[in-house]
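Mind the numbering: the sequence shown is residues 1 to 106 in full-length UniProt numbering, read in order.
Ideal Cβ positions, reconstructed from N, Cα and C, are used throughout, including at glycine.
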Amino acid sequence: MTMNEVIEILHAHYIECDQSTIKKWIIEGKLKASQVDSGEYEVEEEDLRDFFYYQSTVGTAFEEGISDKVRIERLLEYVQKLEEEMAKLRWEKTLLEFELGISPFN
Numbered sequence: 001m002t003m004n005e006v007i008e009i010l011h012a013h014y015i016e017c018d019q020s021t022i023k024k025w026i027i028e029g030k031l032k033a034s035q036v037d038s039g040e041y042e043v044e045e046e047d048l049r050d051f052f053y054y055q056s057t058v059g060t061a062f063e064e065g066i067s068d069k070v071r072i073e074r075l076l077e078y079v080q081k082l083e084e085e086m087a088k089l090r091w092e093k094t095l096l097e098f099e100l101g102i103s104p105f106n
């Protein structure tokens, strides 16, 4: 894929970038690409998929290169968020049961 095709795909996935950003990611090793005779970069579809996976893990417990301590902290934060979401859903369930006249003790 050409740089413009990569940019189009990334924009379609709400990732803001331009050619200079793409080149920066290539230089930093975040996005694998090869340089063709014209000096332009080309990106293989598999390499773009790998980049999407990399982007999806940044800031999570699954980010590459983070320490075990940071990984555990992020996992604990995630568990806390899940527990809060479960409590919210339990409350919504109770309200809906009440509205429908369903006894939670059946």
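Using 7 Å as the threshold, is the C-beta distance between residue i and residue j below it?
i     : j     : result
Tyr41 : Ile27 : no
Phe51 : Leu82 : no
Met3  : Ile22 : yes
Ala61 : Arg71 : yes
Would you kindly work out how many angstroms separate the C-alpha atoms of residue i and residue j, rounded to a whole number?
i     : j     : result
Leu95 : Lys88 : 11 Å
Glu99 : Val6  : 50 Å
Gly29 : Gly65 : 14 Å
Gln19 : Asp37 : 18 Å
Trp91 : Ser67 : 37 Å
Ala12 : Glu46 : 17 Å
Val79 : Glu85 : 10 Å
Leu10 : Cys17 : 7 Å
Lys69 : Glu8  : 37 Å
Gln35 : Glu63 : 28 Å
Assign residue i to buried or exposed, taking buried as 16 or more other Cβ atoms, counted over all protein chains shown, within 10 Å of its Cβ.
i      : result
Ile102 : exposed
Val43  : buried
Ala33  : buried
Checking the sheet assignment: what are the DSSP bridge partners for residue i?
i     : result
Tyr41 : Gln35
Given 6 Å as the limit, tell me if residue i has its C-beta closer than that to any heavy atom belonging to the ligand SAH.
i     : result
Glu63 : This structure simply doesn't include the ligand SAH, nor any ligand for that matter.
>> Check whether the segment 43-56 and the segment 69-77 are in contact - that is, three or more C-beta pairs closer than 8 Å.
In response: no
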